[in-house]
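Heads up: the structure comes next, in structure tokens.
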Amino acid sequence: MNATKTRRLPSVADALETTGAWLLAIVWVSPLLYAFWAAFHGSEHAIRFDLTAPLTLDNFRAALSQAPFLRYGLNTFALVTMLLVAQFVICTLAAYAFARYSFAGSRLAFALVLVQLMITPEILIVENYATLASLGLVDTLTGIGLPYMASAFGIFLLRQTFKSTPKELEEAARLEGCGMFGVLMRVYVPLARPTYLAYGLVSISHHWNNFLWPLVITNSVEVRPLTVGLGIFGAPESGVDWSIVSAATLLSVAPLLIAFLLFQRQFVQSFMHAGIK
1 MNATKTRRLP SVADALETTG AWLLAIVWVS PLLYAFWAAF HGSEHAIRFD LTAPLTLDNF
61 RAALSQAPFL RYGLNTFALV TMLLVAQFVI CTLAAYAFAR YSFAGSRLAF ALVLVQLMIT
121 PEILIVENYA TLASLGLVDT LTGIGLPYMA SAFGIFLLRQ TFKSTPKELE EAARLEGCGM
181 FGVLMRVYVP LARPTYLAYG LVSISHHWNN FLWPLVITNS VEVRPLTVGL GIFGAPESGV
241 DWSIVSAATL LSVAPLLIAF LLFQRQFVQS FMHAGIK
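Numbering (the working numbering), first residue to last: 1 to 277.
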């Protein structure tokens with residue numbers, strides 16, 4: 001009798017776990033589903049779920065005519081690309097130095113890097129703004145991205161990955177005549193590819209959705225990213241049409257959604273491999 005109950009318990013636990021996962025998934029995806037519904041229906045059907053309601057693209061036309069979302073998208077793409085390239089270069093060099101070289105103050109320097117993980121960027125907004133104002137970088141894409149180019153998380157993640165690389169591979173590369181940068185580019189960087197992918201996805205998602213700092217540092221449409229443009233577009237002062245706001249929201253998140261749907265298998269594999277490392 002006890003053996004029968006013991007065998008049934010895992011199946012009950014699995015059922016509860018599956019049910020809980022589905023409930024959480026529905027709660028998480030429900031705002032996105034509503035945005036899809038409202039964006040493709042008129043304002044009179046935005047809160048009425050009538051399956052016979054006609055579909056329309058007028059909300060997207062209205063959003064594009066009322067605000068320069070294409071310009072916002074170009075600004076966001078340029079910002080994210082600039083940040084990702086800068087972070088890869090800076091984090092790679094710093095992580096390689098911390099992982100493979102012993103120098104005076106290396107432990108203290110790495111401890112200071114880790115301290116940055118405990119400080120939220122919002123705390124430094126005033127100081128960052130004052131510094132960028134003195135450099136004349138207010139209301140520029142460089143000003144938006146500069147405080148994030150040296151990522152403590154990226155340095156830590158790549159350092160741990162580089163430390164797990166066998167030293168025999170480095171020694172073999174040096175026997176082949178590779179110098180310091182040759183070893184880095186031919187041994188460490190290729191082996192850390194899953195980590196780069198995982199970190200790149202986190203960085204792109206974070207900076208694509210970043211709102212507070214771009215709102216503070218930008219003043220003009222020419223450098224305003226999607227998040228700030230969408231926030232101003234959906235402000236109550238300008239009147240709220242939820243169908244048009246939902247269409248603008250889909251325009252803002254569409255690149256990330258499309259990228260995830262196309263490369264979801266690579267995304268999952270890169271995160272799993274990086275976690276194992």
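Glycine residues also receive a C-beta, built at the ideal position from the N, C-alpha and C atoms. Since we're looking at a predicted model, the values are computed, not measured.
- At the C-beta level, Ala-78 and Leu-137 stay beyond 8 Å of one another.
- Two segments are said to touch when three or more pairs of C-beta atoms, one from each, lie closer than 8 Å; by this definition the region 113–125 does not touch the region 175–186.
- Taking the CA atoms as reference points, Arg-186 sits about 16 Å from Lys-163.
- Check the Cα spacing between Ser-151 and each of Phe-110, Gly-20 and Pro-190: the tightest is with Phe-110.
- Residue ranges of uninterrupted beta strand (DSSP E) with 3 or more members are absent from the region 221–261; none lies entirely inside it.
- A straight line joining the alpha-carbon of Ala-192 with that of Leu-114 spans about 20 Å.
- In this structure, the alpha-carbon of Gly-177 lies about 53 Å from that of Trp-28.
- Looking at Tyr-129, Phe-36 and Leu-84, the one whose alpha-carbon comes closest to that of Val-216 is Tyr-129.
- By the criterion of at least three beta-carbon pairs nearer than 8 Å, the region 164–173 is not in contact with the region 37–49.
- With a beta-carbon spacing of about 20 Å, Arg-174 and Phe-98 fall beyond the 8 Å limit used to define contacts.
- For Glu-171, the enclosing alpha helix (DSSP H) covers residues 167–175.
- Note on geometry: alpha-carbon atoms of Ala-133 and His-207 lie some 21 Å from one another.
- Boundaries of the alpha helix (DSSP H) around Thr-92: 69–100.
- Under the DSSP assignment, Arg-186 falls outside any alpha helix (DSSP H); it carries neither an H nor an E label.
- Remark: fewer than three beta-carbon pairs, one from each stretch, lie closer than 8 Å, so the region 41–52 and the region 221–234 are not flagged as touching.
- The region 82–95 and the region 251–260 do not touch, with fewer than 3 CB-CB distances between them shorter than 8 Å.
- For Ile-125, the uninterrupted alpha helix (DSSP H) segment begins and ends at 125–135.
- For the pair Gly-145 and Met-82, the CB atoms are nearer than the 8 Å cut-off.
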